[in-house]
Amino acid sequence: MAKKQFKAESKRLMDLMINSIYTNKEIFLRELISNASDAVDKLAYKALTDDQVSVKRKEFAIVLVPDKAARTLTISDNGIGMTKEELESNLGTIAKSGSFQFKQELGDDKAASKVDVIGQFGVGFYSAFMVADKVTVITKAYSSSEAWKWESEGADGYTVTPCEKAGAGTDIVMHLKANADEENYDQYLESFKLQELVKKYSDYIRYPIRMEVEDYKMKDKPADAGEDYRPEWETVREWKTVNSMVPIWQRQKSKVKTEDYNDFYKEKFGDWQDPLSVIHTSGEGAVEYKALLYIPGQAPYDFYTREYEKGLQLYSSGVLIMDKCADLLPDHFRFVRGVVDSQDFSLNISREMLQHTRQLKVIASNLEKKVKAELLKLQKDNREKYEKFWDAFGIQIKAGTVSDYGQHKDLLRDLLLFHSSADGKLTTLAEYKDRMGEEQPYYYYASGESADKIDKLPQVERIRDKGYEILYLTQDVDDFVMQALGEIDGKAFKSVNDEDALPQTEEEKQQSQAKAEEGKAVVDFVKEVLGDKVHDVRISKILKSGAVCMTADGSMTLEMEKYLRKVEDKSDIRAQRVLELNADADAVAALRRAVDCGDKELAGQYAKLLYGQALLLADLPLEDPAEFAALVCKLMK
-8 MAKKQFKAES
2 KRLMDLMINS
12 IYTNKEIFLR
22 ELISNASDAV
32 DKLAYKALTD
42 DQVSVKRKEF
52 AIVLVPDKAA
62 RTLTISDNGI
72 GMTKEELESN
82 LGTIAKSGSF
92 QFKQELGDDK
102 AASKVDVIGQ
112 FGVGFYSAFM
122 VADKVTVITK
132 AYSSSEAWKW
142 ESEGADGYTV
152 TPCEKAGAGT
162 DIVMHLKANA
172 DEENYDQYLE
182 SFKLQELVKK
192 YSDYIRYPIR
202 MEVEDYKMKD
212 KPADAGEDYR
222 PEWETVREWK
232 TVNSMVPIWQ
242 RQKSKVKTED
252 YNDFYKEKFG
262 DWQDPLSVIH
272 TSGEGAVEYK
282 ALLYIPGQAP
292 YDFYTREYEK
302 GLQLYSSGVL
312 IMDKCADLLP
322 DHFRFVRGVV
332 DSQDFSLNIS
342 REMLQHTRQL
352 KVIASNLEKK
362 VKAELLKLQK
372 DNREKYEKFW
382 DAFGIQIKAG
392 TVSDYGQHKD
402 LLRDLLLFHS
412 SADGKLTTLA
422 EYKDRMGEEQ
432 PYYYYASGES
442 ADKIDKLPQV
452 ERIRDKGYEI
462 LYLTQDVDDF
472 VMQALGEIDG
482 KAFKSVNDED
492 ALPQTEEEKQ
502 QSQAKAEEGK
512 AVVDFVKEVL
522 GDKVHDVRIS
532 KILKSGAVCM
542 TADGSMTLEM
552 EKYLRKVEDK
562 SDIRAQRVLE
572 LNADADAVAA
582 LRRAVDCGDK
592 ELAGQYAKLL
602 YGQALLLADL
612 PLEDPAEFAA
622 LVCKLMK
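Numbering follows my numbering, with no gaps: position 24 of the sequence shown is 15.
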């Protein structure tokens, strides 16, 4: 029979489709199994709506048969099959979708909704040519007495001839290509590889996918075997269903046990610990989907590296279309693992197209709300578990608060935890607010390496003595978080380093002014000694009993300086450092006496000593530790 030409643009279009749409050759098996599932779906639907169709659901199956000797892989189904016209129409035109047309022909939306056909664009079948140099399709339509064979070796064309076939359905026989330098086509004839691909891409196809596999079986013990008999094993081949069929997220919540959820999580995502929490949810209406999300109890080893890839597994009617769909999760919830299944996505959709779909954005928005709600529930009902989550992923929540110029702060601020001066425990901002007296003007915070060190900072004293609670910020990103939050219900976040952290009376303002005037000579002298090591020197309004501390002018704090120097690895990033001197402290009084007496050498030594102490208190490095140690020893004589 004469070879017929494809109605599409033949070789160029097929080459473009194979090389552009599919970047992973193993995807061919997913596509062909999905087509087989569609064919079975169509016959199952006809059985429900046509009394003349007599088939039993339990008889439906998809069968894989690798033949190493013939170098063929056959995928068979006992679904609806195709007539000669359908065969030419569906396979003779690239990008002609029989599944899509079938659904359109149903007409009534209610009827169409009952049929879940995976294919949409009709290009999946041609993925077979990524691994095969010849494809044969043998098909027989249900209730037809004729069978037909379609054969093609690629874009040059195809033939359609009559043939024999016992029952309705379709067999796709692929003659695999010879191995190339970087391509191993032999692997698609190995039962273990086929099982692996079914498990990865098609595990939740609703019909059994069966194939003959090798297994090990203990031989029967001989009747005359003695006491020293050792069991012997033999290799056997047996038919086995290699897919699960019903995914856990499609089951009713009431019928899924906690251990089922946990086992699925550990097997699917390779974690040895149970998850902290499970979110089993669905959406109906404009976008329909089911989702099963997990909040892990520990961060993966590479979570805080650039190599880590966020994303949820995205399925279309139980068929994996993307292993890690990053656009389903915002960065601040990138730790969430799980799956999303929606028939609103086509198997053939590209990653670029997917990013711009309305359905994806709706699902992503809904899941973000679900994750936050679950975390708040965990925070309220099981604080121990929540603090375990916070220990693993708290810094990610904080990073999300400051990212994108703080646009997520309102969503995330209820999830934040900070150490507190109140009881030494972690606290939420809501809990802090509940303990706050009406007269307290601000949310107070102080930064440092640890809560214990912050508690001993001299600038903390005046706030604590007022009875006000202080949030102790112990992570690099915390100062950025405070700036991003700004205020809550009209009350701002205020550093203990800010001069106006405590409102002053007129009398207190006059006293501060008088001290500044009296200490002007000392301030000028210290500025001269330290030069460009500091931005400014001033008589402090924030110290109570401590002699000295280091603060910063401008928007960049000392903690920000440390963070940026660490992250950006730039030693030239510096805050505008301010050395603050307590006019009432004995050490500053000694400095003033030396200045007044004109003993510049001694006064200079005192100034450098106080500067070094301020650096140490602020957890900033001494420029010359040996010089500082020698200075201390010299002054002790």
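Glycine included, every Cβ here is placed at the ideal spot set by N, Cα and C.
All values derive from a computational prediction rather than experimental measurement.
Nearest in C-alpha terms to residue 316, of all of 487, 348 and 71, is 348. Within the DSSP secondary-structure output, residue -5 pairs in a beta bridge with 149. With 16 or more other CB atoms across the displayed protein chains lying within 10 angstroms of its CB, residue 21 is buried.
When secondary structure is reduced to three states using DSSP, residue 351 falls in the helix class. In the displayed model, residue 336 falls within coil according to three-state DSSP, outside both helix and strand. For residue 452, the three-state secondary structure derived from DSSP is helix. Taking a cut-off of 8 Å on C-beta distances, the stretch 169 to 178 does not touch the stretch 31 to 44, as fewer than three cross pairs fall below it. With a 10 Å radius around the Cβ and a threshold of 16 neighbouring Cβ atoms, residue 15 comes out exposed. Per DSSP, reduced to three states, the secondary structure at residue 486 is strand.
DSSP places residue 273 in the uninterrupted beta strand (DSSP E) bounded by 268 to 274. Annotation for residue 207: 224 and 226 place their beta carbon closer than 7 Å to its own, counting only its chain and skipping 5 residues before and after. Looking at the DSSP output, residue 527 shares a beta bridge with 569.
In the structure shown, the three-state DSSP call for residue 410 is strand. DSSP places residue 616 inside the alpha helix (DSSP H), whose first and last residues are 616 to 626. The Cβ neighbour count for residue 486, taken over all protein chains shown within 10 Å, is at least 16; the residue is labelled buried. Secondary structure remark: continuous alpha helix (DSSP H) runs of at least 4 residues inside the stretch 134 to 220, in chain order: 182 to 192. Following the DSSP letters along the chain, one finds residue 468 in no alpha helix (DSSP H), marked with neither H nor E.
The alpha-carbon of residue 441 is positioned some 37 Å away from that of residue 357. Put simply, of 73, 569, 530 and 186 the residue whose alpha carbon is nearest the alpha carbon of residue 235 is 186.
A Cβ-Cβ distance of about 15 Å is found for the pair residue 476 and residue 437, leaving them out of contact under the 8 Å criterion. Counting along the chain, the unbroken beta strand (DSSP E) around residue 131 starts and ends at 123 to 131.
A distance below 7 Å separates the beta carbons of residue 333 and residue 280.
For residue 40, the enclosing alpha helix (DSSP H) has its first and last residue at 18 to 40. Membership of residue 514 in any beta strand (DSSP E) is not indicated; the residue belongs instead to the alpha helix (DSSP H) covering 511 to 521.
In the three-state scheme derived from DSSP, where H, G and I count as helix and E and B as strand, residue 579 is classed as helix. Sequence-distant Cβ neighbours of residue 200 in its own chain, meaning closer than 6 Å and more than five residues away, are 53, 189, 233 and 234. Nearest Cα to residue 44 within the set 70, 66, 429 and 605: 70. For residue 305, the uninterrupted beta strand (DSSP E) segment begins and ends at 303 to 307. DSSP places residue 362 in the helix class (H, G or I) of the three-state scheme.
Judged by DSSP in its simplified three-state form, residue 282 adopts strand.
Counting other Cβ atoms within 10 Å of its Cβ, residue 385 reaches 16 or more and is therefore classed as buried.
At least 7 Å separates the beta-carbon of residue 241 from that of residue 148. With a threshold of 16 other beta carbon atoms within 10 Å, residue 571 meets it and is buried. Closest in alpha carbon position to residue 282, among 424, 307 and 294, is 307.
Under DSSP, residue 328 forms a beta bridge with 285. Counting C-beta pairs with one atom in each stretch, the stretch 367 to 379 and the stretch 446 to 465 have fewer than three that are closer than 8 Å, which means they do not touch.
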